[in-house]
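In this note's numbering, the protein residues as written are 71 to 525.
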């Protein structure tokens, strides 16, 4: 029997409107505005959605599920992290290559595909990682087999730093695929780290508050500047991952997405937290690049709304809590966040302190709602060439999320589905609830498919 999502408030392609969606198998069969709906309800499996928001499923193009198939006890698995993703309205993910083993060959990528095919509750794709030694082999691989090339221009988990200028020129000149880069200037970081360890290691001042001083704005700007200059020199399609500073924004443009060669991503964490939060949360919000000042946070929000920033992705990165509770210099970087990323963004609309939440008419804040959907659903699909997903369109895959607005839901440790079992958001009350999620037309738990990268 076909499924009918009836009388929802649909947010899609710049519009907010009342309508219904018919799902037939794994496909959206039709999208019907309310005044045009004349089908008998008894012929459908009915999901009544009056007063609820219907969005395309979120496409998170930057996750670290940690499952490479060669670790006895990874911090996350496709099974655990994909279920957390789905619970939060994320229906497709692209996993990063810094796993064990590193995903720097097709053999390693195919092994991860087999894991995901067995265990994932959401759709999945993978980036291939660049190293100083694999550029020739990487460029020889069919670019439709993977999502993008991941390039670490600053050291992070997995030790995949690429710092050979000749190899970087080779990659940027000859890549036939989008390059996604972690941009931090390694020389600046190492100098700052050396000085900070000498002064603070083992003292009461060894805290996570040092993190934005070590991995500072200068490190981010210099790396992003040089990477963009190289991309412009060679005409490379280049995407700046997890941008974190106001200064980097001067390097970006707000052309329409299809006219851009240089694009950028921001994480909900860099839009949510700022350096004042280190006092309470410490290493729980230690991530690379570091969470910076409130001025940086506000500038990132403004850039998102001005189309300088094109996508929102989590950089979801679980680590065991005991590892995060080590002294600052020994604690790993990374934040688990995918289960609440959509709610974090929607809090800008429905939060108790939001001006938007005071209105009962969705049209009053349709610009913000459609912007969130554009950056979390539409643009990721367009940028990464993900076929038939990211939009509520007839003939597209039925990846959908139904959101109950203006209800309170508090994050508790018991509610978390991550293998690591913790979140810096514990105790946070959101003013939305993820009511139901369909992946490929199915509301059951396991239904992921490999993503089709058509360009």
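Just so it is clear, CB atoms sit at the ideal spot from N, CA and C, and this is done for glycine as well.
Where residue i falls: helix, strand or coil (DSSP)
| i | result |
| --- | --- |
| residue 342 | helix |
| residue 196 | strand |
| residue 353 | helix |
| residue 324 | coil |
| residue 78 | strand |
| residue 264 | helix |
| residue 182 | helix |
| residue 371 | helix |
| residue 88 | strand |
| residue 148 | helix |
| residue 428 | In this predicted model, residue 428 has a pLDDT of only 42, less than 50, meaning its place in the structure is not dependable; the value taken from the coordinates is given anyway. Residue 428: helix per DSSP, three-state reduction. |
| residue 520 | strand |
| residue 292 | helix |
| residue 347 | helix |
| residue 467 | strand |
| residue 515 | coil |
| residue 408 | helix |
| residue 189 | helix |
| residue 334 | strand |
| residue 381 | strand |
| residue 175 | coil |
| residue 169 | coil |
| residue 83 | coil |
| residue 358 | coil |
| residue 456 | strand |
| residue 73 | strand |
| residue 462 | coil |
| residue 376 | coil |
| residue 319 | helix |
| residue 93 | strand |
Beta-carbon proximity check, residue i vs residue j, cutoff 8 Å
| i | j | result |
| --- | --- | --- |
| residue 80 | residue 89 | yes |
| residue 280 | residue 435 | no |
| residue 145 | residue 489 | yes |
| residue 345 | residue 362 | yes |
| residue 230 | residue 217 | no |
| residue 474 | residue 122 | yes |
| residue 157 | residue 504 | yes |
| residue 174 | residue 131 | no |
| residue 71 | residue 114 | yes |
| residue 112 | residue 521 | no |
| residue 166 | residue 211 | no |
| residue 518 | residue 509 | yes |
| residue 205 | residue 241 | yes |
| residue 306 | residue 245 | yes |
| residue 119 | residue 77 | yes |
| residue 448 | residue 478 | no |
| residue 314 | residue 366 | yes |
| residue 151 | residue 408 | yes |
| residue 515 | residue 191 | yes |
| residue 374 | residue 336 | yes |
| residue 529 | residue 252 | The first residue shown for the chain is 71 and the last is 525, placing residue 529 beyond what the model contains. |
| residue 127 | residue 160 | yes |
Extent of the continuous beta strand (DSSP E) run through residue i
| i | result |
| --- | --- |
| residue 122 | Taken as a continuous stretch (DSSP letters only), residue 122 belongs to no beta strand (DSSP E), as it is neither H nor E. |
| residue 165 | 160-165 |
| residue 437 | Taken as a continuous stretch (DSSP letters only), residue 437 belongs to no beta strand (DSSP E), being part of the alpha helix (DSSP H) at 436-443. |
| residue 475 | 470-480 |
| residue 501 | 499-508 |
| residue 448 | That residue, residue 448, is in no beta strand (DSSP E); it is neither H nor E in DSSP. |
| residue 137 | It is not in any beta strand (DSSP E) - residue 137 carries neither H nor E in the DSSP assignment. |
| residue 100 | 97-103 |
| residue 309 | 308-310 |
Contact with chain B by residue i, beta-carbon distance below 8 Å
| i | result |
| --- | --- |
| residue 317 | Reference to chain B is not applicable here, since this structure consists of a single protein chain. |
Nearest-angstrom beta carbon gap, residue j and residue i [assumed within contact, 8 Å]
| i | j | result |
| --- | --- | --- |
| residue 487 | residue 124 | With a Cβ gap of about 23 Å, residue 487 and residue 124 do not count as contacting. |
| residue 249 | residue 221 | 6 Å |
| residue 387 | residue 405 | 6 Å |
| residue 359 | residue 256 | Incorrect: roughly 12 Å between the Cβ atoms, too far for contact. |
| residue 101 | residue 462 | 6 Å |
| residue 442 | residue 416 | 7 Å |
| residue 356 | residue 411 | Not confirmed; about 18 Å, so no contact. |
| residue 526 | residue 332 | Absent from the model: residue 526. The displayed extent of the chain is 71 to 525, so no value can be given. |
| residue 380 | residue 319 | That belief does not hold up - the Cβ atoms of residue 380 and residue 319 are roughly 12 Å apart, past 8 Å. |
Residue i - containing alpha helix (DSSP H), residue span
| i | result |
| --- | --- |
| residue 417 | 411-420 |
| residue 392 | 391-394 |
| residue 281 | 281-284 |
Heavy atom of the ligand MG within 7 Å of residue i beta-carbon
| i | result |
| --- | --- |
| residue 240 | Among the ligands in the structure shown, none appear at all, so the ligand MG cannot be discussed. |
Going residue by residue through the stretch 203-254, where are the continuous alpha helix (DSSP H) segments of at least 4 residues, counting only ones entirely within it? 205-209, 235-244
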